[in-house]
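Read the structure below first, then the notes.
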Amino acid sequence: MLVTDSKELLPLFIAGERRLGRGDEGATLYPATGEVVARLRAPSQADVEEAIAAADHAFRTSGWAQRKPHERAAVLHRVAALIRERAEPLAQRQRLDNGKPIPETRNLVASAAGTFQFFAAALETMEEAMTPSRGDFFTMSVFEPMGVVAAITPWNSPIASEAQKLAPALAAGNAVVIKPAEVTPLMALELAALCEEAGVPRGMVSVLPGRGSVIGDAITKHPLVKRVSFTGGTSTGKHIARIAADKMMPVSLELGGKSATMVLEDADLDHAVNGVLYGIFSSSGESCIAGSRLFVARKLYEGFLDKLATRAAALRVGDPADERTQMGPLITAKHRETIESFVALGRSEGGQLLTGGKRPEGALYDKGNYYLPTILAGLKNSDRICQEEIFGPVLVAMPFDDEEDLLRQANDSVYALAAGIWTRDYQKAWRIGRAVQAGTVWINTYKQFSISTPFGGWRDSGLGREKGRLGIQQYMEQKSLYWGLNTNPIAWAN
Ligand code: NAP
Numbered sequence: 099m100l101v102t103d104s105k106e107l108l109p110l111f112i113a114g115e116r117r118l119g120r121g122d123e124g125a126t127l128y129p130a131t132g133e134v135v136a137r138l139r140a141p142s143q144a145d146v147e148e149a150i151a152a153a154d155h156a157f158r159t160s161g162w163a164q165r166k167p168h169e170r171a172a173v174l175h176r177v178a179a180l181i182r183e184r185a186e187p188l189a190q191r192q193r194l195d196n197g198k199p200i201p202e203t204r205n206l207v208a209s210a211a212g213t214f215q216f217f218a219a220a221l222e223t224m225e226e227a228m229t230p231s232r233g234d235f236f237t238m239s240v241f242e243p244m245g246v247v248a249a250i251t252p253w254n255s256p257i258a259s260e261a262q263k264l265a266p267a268l269a270a271g272n273a274v275v276i277k278p279a280e281v282t283p284l285m286a287l288e289l290a291a292l293c294e295e296a297g298v299p300r301g302m303v304s305v306l307p308g309r310g311s312v313i314g315d316a317i318t319k320h321p322l323v324k325r326v327s328f329t330g331g332t333s334t335g336k337h338i339a340r341i342a343a344d345k346m347m348p349v350s351l352e353l354g355g356k357s358a359t360m361v362l363e364d365a366d367l368d369h370a371v372n373g374v375l376y377g378i379f380s381s382s383g384e385s386c387i388a389g390s391r392l393f394v395a396r397k398l399y400e401g402f403l404d405k406l407a408t409r410a411a412a413l414r415v416g417d418p419a420d421e422r423t424q425m426g427p428l429i430t431a432k433h434r435e436t437i438e439s440f441v442a443l444g445r446s447e448g449g450q451l452l453t454g455g456k457r458p459e460g461a462l463y464d465k466g467n468y469y470l471p472t473i474l475a476g477l478k479n480s481d482r483i484c485q486e487e488i489f490g491p492v493l494v495a496m497p498f499d500d501e502e503d504l505l506r507q508a509n510d511s512v513y514a515l516a517a518g519i520w521t522r523d524y525q526k527a528w529r530i531g532r533a534v535q536a537g538t539v540w541i542n543t544y545k546q547f548s549i550s551t552p553f554g555g556w557r558d559s560g561l562g563r564e565k566g567r568l569g570i571q572q573y574m575e576q577k578s579l580y581w582g583l584n585t586n587p588i589a590w591a592n
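Going by the numbering used here, the first residue of the sequence shown is number 99, and it counts up by one from there.
Structure follows, in structure tokens:
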């Protein structure tokens, strides 16, 4: 199970060197069995200092930022190719890292390769604008790299979320310090190694997998860190935003969600059932965009829920290494306890359990952090269980009477990350799709992604956008250039 020798400690990426951290020793565990996957020593405060100083040095002296866009793009294309070459071992490692089923981790790896490829292409074709002049000068809007930027990521889709930050940040010419979640350090270390192999200068990427409240905090506060791109929980995001305000530092915050998925009376029900199941239970619900609040037209409500609960109970929960597994274990035993306390809360608020609500039984499940797909009904949208993010395989279902009632309930949330609409009526889809408050709306599909399409949340779901052609500019400062064309000195001073 171990990815290194039993006594060997996993080296980190600090200041251009592969070396051990100088903080506390710890181990990461395979969520399916509790076996040790990697032993490592966390970075110390001195390691943070050295990594950031080296990143700043590499930014200023390595020539990376000065390379022509097509030259940097060629290196990013090589990273994409290396990820594809090593796709299967990377997917297996990602499975060990966070216990997601192997078909899912393969998709994450493919997505990471696609992200490097996309940002290489976006970089090579990025244009700077000549803006309309209003005087005897011509004007340009150009973009400059920032210096050292930080990427702080959660444990649920490491390789994909790390690539989503690393690729555009490097494309922009910056040095990057990655702080992966303490429980899932492996993929960031792999990506850093692949970047170096592909030709990114040493020191431009450091990986510091320590505790967020210590290492993440120190990185965020560091004066040489010019931007933080954060994905994680809303309260951590707000904490980072407060530090950023003091430093006047731009941040992007990809935060939590409680996304509404809406089944209208005229929906294609086979599509809707599959879509709702996939939307909430894939990744065991450990997904920011999980469709965790279901609204069903009152006329369909009971029949739809019967069907949904029967199908949810038949989902294959089990070994993440098994190709047929649909739901793997949860990330940690502690996270499962949090989910259990949410289900208990929902029941105390009057929720009726339609399926799940417990751990699966049997030898396969004894050592892993498994939990069954769970559906609760009979609740009000204002109940805590319908308002708070659970980040697990728990769906709350509610009926609605008409479009006005639906939109009132769907938009009544502090979160506004994503939404899903199931209907055959394109006019309704258009009206509701425009009126629902969310960063992403899926119509007759759910949880589909394209790197070329911007992603982010409104309200407590975040600030800023990732992905898309403009993703690179998120890691750059805009600058306006005025080029005087006047042959005479400025008259005012005569
Ligand atoms: P989290 O506790 O906020 O942690 C996210 C990252 O922040 C981890 O690397 C964590 O380190 C670090 N961190 C914790 N405290 C910090 C601090 N004071 N300063 C700087 N960094 C700090 O979130 P999580 O439990 O890992 O992830 C689940 C959350 O992420 C959910 O709310 C989910 O919705 C959200 N998420 C959002 C998106 C999106 O794109 N909108 C995508 C995926 C997940 P340690 O874990 O090592 O302590």
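Ideal Cβ placement from N, Cα and C applies to all residues, glycine included.
- Nearest to L353 by C-alpha distance, out of G562, E133 and N467, is G562.
- When distances are taken from the beta-carbon of C484 to the heavy atoms of the ligand NAP, even the shortest one reaches 6 Å or more.
- Secondary structure note for R506: its alpha helix (DSSP H) is the uninterrupted segment E501 to A508.
- Where E186 is concerned, there is no enclosing beta strand (DSSP E), although the alpha helix (DSSP H) around it starts and stops at A185 to N196.
- Assignment of W590 by DSSP, reduced to helix, strand and coil, places it in the helix class.
- Judged by the Cβ position, S357 fails to qualify as a neighbour of the ligand NAP at the 6 Å threshold, every heavy atom of the ligand being at least this far.
- In this structure P299 is in contact with A156, their Cβ atoms being roughly 6 Å apart against a cut-off of 8 Å.
- Contact between V326 and I250 holds: CB atoms are separated by about 6 Å, below the 8 Å threshold.
- In the structure shown, F547 adopts coil according to DSSP, grouped into three states.
- Between the ligand NAP and C293, a heavy atom-to-CB distance of less than 6 Å is absent.
- Partner residues in the beta bridge of I276, as assigned by DSSP, are A249 and V305.
- Residue range L284 to A296 is occupied by the alpha helix (DSSP H) that includes M285, with no beta strand (DSSP E) assigned at that position.
- If only uninterrupted beta strand (DSSP E) runs of at least 3 residues are considered, those enclosed by the stretch 408-496 are 450-453 and 472-475.
- At least one heavy atom of the ligand NAP sits closer than 6 Å to the Cβ of R309.
- Here L443 has R482 and I483 as same chain residues with Cβ atoms under 7 Å from its own Cβ, once five neighbours each way along the sequence are excluded.
- The three-state reading of DSSP puts G562 in coil, since its state is none of H, G, I, E or B.
- Between the alpha carbons of G271 and D195 lies a gap of roughly 29 Å.
- Within the same chain, Cβ atoms closer than 8 Å to the Cβ of E260 are found at A210, A249, T251, I276, P278, M285, A286 and L289, the five residues on either side in sequence being excluded.
- A419 is the residue among G466, A163, D234 and A419 whose C-alpha sits nearest the C-alpha of P201.
- Here G490 really is in contact with Y469; their C-beta atoms are around 7 Å apart, less than 8 Å.
- For the pair E295 and K198, the Cα-to-Cα distance works out to about 27 Å.
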